[in-house]
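Chains as they are written, first to last, in my numbering: chain X, -6 to 203; chain E, -6 to 203. A short write-up of the structure that comes next.
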DNA sequence: TTATTTATCCATCAAATGATTGAATCACAG
DNA sequence: CTGTGATTCAATCATTTGATGGATAAATAA
C-alpha cells in the first residue's frame, strides 16, 4: 500500500511528482490563496483537469505539499544531527547553520511554506500542520539544550525558534534582502551564514561558560 | 490639499478610517490574495460598494494600508531613537527591543504586513513598497553601527535585518508559537523580550569589546 | 423649504477560479 | 490486432470575487 504522495516521491519523473514539485514552488511563492490551480498546471505544461485527476482538489494538493516538505525537512535535520554528534556547542551551531543554510537555499520552498504557515491564516478549515513543534523539540535536545524532547522548557524552545526563524527569514527573504544590501546571490548566501553565526554563537556559548 | 489617507488618519471615527483599520488587520492576517473586499466590508459592517466608494479598488486600499503602516512604523522608530540617544550599545539594544516589542505586539498588523511583503509574492503589478531599506539604514546609524545612513556596509545591514526579522517573527508568529511553547499571551510577550535580548545583546557587545 | 452634494445599500455584471464531464488518446496485456 | 484501463484535454459548470449602476437616504447649502 502506498499513498499517491509516496508514489510521487519514488518516481520524480512521473506526472504526479512533476505537479507536486511545481506546486511546492508556487504555493511557497504565492501562498495558498495567491496560487491558482491554473498557475500550477500552466507551469507544468498540462491541463487543469489533469492536475485534478492526479491530486484531487487544490486543498488536497496543498496538504500533500505540506507532508512532502515535512518529510524532506525531517530527514535533513537527521542528517544535521549526525554531523554534529559529540562536538562542542559552538561547533554544533556553526555546522548546523552551514548545513541548514545550504540545504534551505537549495530548497527555498521549505522556508517559504513554513513561514506562510507561521505568519498567515488560510481561509479554509484545514487541520493539517507542519511538524515544527516536534522538530523544534528535537533540535533543542540535539543541541544539548534539553535532556529529552518531552522536557524542553519554554525558554529553550524560544531560543531554538529564534535560530530557526532567522534562518528561514534570510532564505525566504532573498528576493527582498538581496537587492536591498546590493550583493549578488553568492555573496548573499555567504553573508547569511556569516551573520547567523555572528548573531547566534555568542549568545549560546557565553551562557554555556556561566 | 489632503489625500484620502491623510483624512482617514486625522479622524479615526470616519468611515474611511474604520475601513482602513479593518483592512490593515485582515490584509495582515490573510495576505493580499487571501483577503476579499467582502471580508473587510462585513467586518466593518458595511456594503462592499461603500468600501469601493471610499477607497476605490482593492489594490488602492491595500496600497493605502502600506503607506499607513510605513508612517506608523517610521514614527515609532523615531521615538525609539530618542529614547536610546547617547546610551551605551547594550542598553540601546535592550531598550529598543523592549520598545519595539511592546509597540509591535500592540500593532501586529505592521509585522504581519511586512513579513507578507518579505516572503510572499503578489500576483499584481504593484510597485509600491515598504520603507524597510531606509528604516534599516536608519537603525544601523542609530545603533552606532554605521557612520551615516548612506554608508552602511552589507554586513551591518544584514545584522540589523537579523534583529528586526527576529522581532517581527515572534510578533507575527504568536498564534503559532504561543500554543507551541504552552504559555499564555502575557508570558509569551515576556519570553519574547527575554529571548531577543539573550540572542542579540551578546553578539553586538562581544564584538564591541574587540 | 428646496436643492445639491455626500454617503449608503441593493441588485447585478464580468472575470477569475475550483471543479467536473465526456470524448479522445495512449499503454500494454492478452 | 483487440480490448481494457490509465491518462490527457477541450468544453463547460457553479461559485467566488472585484467592481459598477442606480435608487435611496442623510447631510449640507441655498
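Don't be surprised by glycine CBs; every beta carbon is placed ideally from N, CA and C. All of these numbers come straight from a predicted model, not from anything done at the bench.
- Taking a cut-off of 8 Å for Cβ pairs, the segment 103 to 111 of chain X and the segment 106 to 119 of chain E touch, as three or more such pairs fall below it.
- Taking the C-beta atoms as reference points, residue 61 (chain X) is found nearer than 8 Å to residue 17 (chain X).
- Among the residues of chain X, those whose CB is under 7 Å from the CB of residue 166 (chain E) are 111 and 112, following chain order.
- By the Cβ test, the segment 140 to 155 of chain E is in contact with the segment 171 to 182 of chain X, since at least three Cβ pairs between them sit closer than 8 Å.
- Of all alpha-carbon atoms in X:37, X:123 and X:150, the one lying nearest the alpha-carbon of residue 131 (chain X) is that of X:150.
- Sixteen is the threshold: when 16 or more other Cβ atoms of the shown chains lie within 10 Å of the Cβ of residue 193 (chain X), as they do, the residue is buried.
- Non-local beta-carbon contacts of residue 2 (chain X) in its own chain, meaning distances under 6 Å to residues more than five positions away in sequence, are absent.
- In this structure residue 80 (chain E) is not in contact with residue 197 (chain E), their Cβ atoms being roughly 13 Å apart against a cut-off of 8 Å.
- The closest CA to that of residue 22 (chain X), considering only X:169, X:152, X:188 and X:180, is found on X:169.
- Considering only E:47, E:98, E:165 and E:160, the residue with the shortest C-alpha distance to residue 179 (chain E) is E:98.
- Sorting X:68, X:54, X:95 and X:74 by C-alpha distance to the C-alpha of residue 184 (chain X) places X:95 at the top.
- Close CB contacts of residue 25 (chain X) within its chain, under the 7 Å cut and outside five residues either way in sequence, are with 55 and 115 (chain order).
- When secondary structure is reduced to three states using DSSP, residue 151 (chain E) falls in the helix class.
- Residue-level contact check: residue 63 (chain X) does not touch chain E, since none of the beta carbons of chain E fall below 8 Å from its beta carbon.
- By the rule that beta-carbons nearer than 8 Å mark a contact, residue 5 (chain E) does not touch chain X.
- When only Cα atoms are considered, residue 160 (chain X) and residue 140 (chain E) end up about 28 Å apart.
- Pairing residue 36 (chain X) with residue 15 (chain X) gives a Cβ-Cβ distance under 8 Å.
- Taking 8 Å as the Cβ-Cβ cut-off, the segment 128 to 142 of chain E approaches chain X at 129, given in chain order.
- In this structure, residue 7 (chain X) keeps its C-beta atom at 8 Å or more from the C-beta atom of residue 74 (chain X).
- Following the DSSP letters along the chain, one finds residue 40 (chain X) in no alpha helix (DSSP H), marked with neither H nor E.
- About 6 Å separates the Cβ atoms of residue 190 (chain X) and residue 90 (chain X), confirming a contact at the 8 Å cut-off.
- Spatial neighbours of residue 102 (chain X) in its own chain (CB-CB distance under 6 Å, excluding positions within 5 residues in sequence) are listed in chain order as 17, 18 and 21.
- Note on the segment 37 to 113 of chain E: there is no whole beta strand (DSSP E) run with a minimum of 3 residues.
- By the 16-neighbour rule on beta-carbons within 10 angstroms, residue 167 (chain X) is buried.
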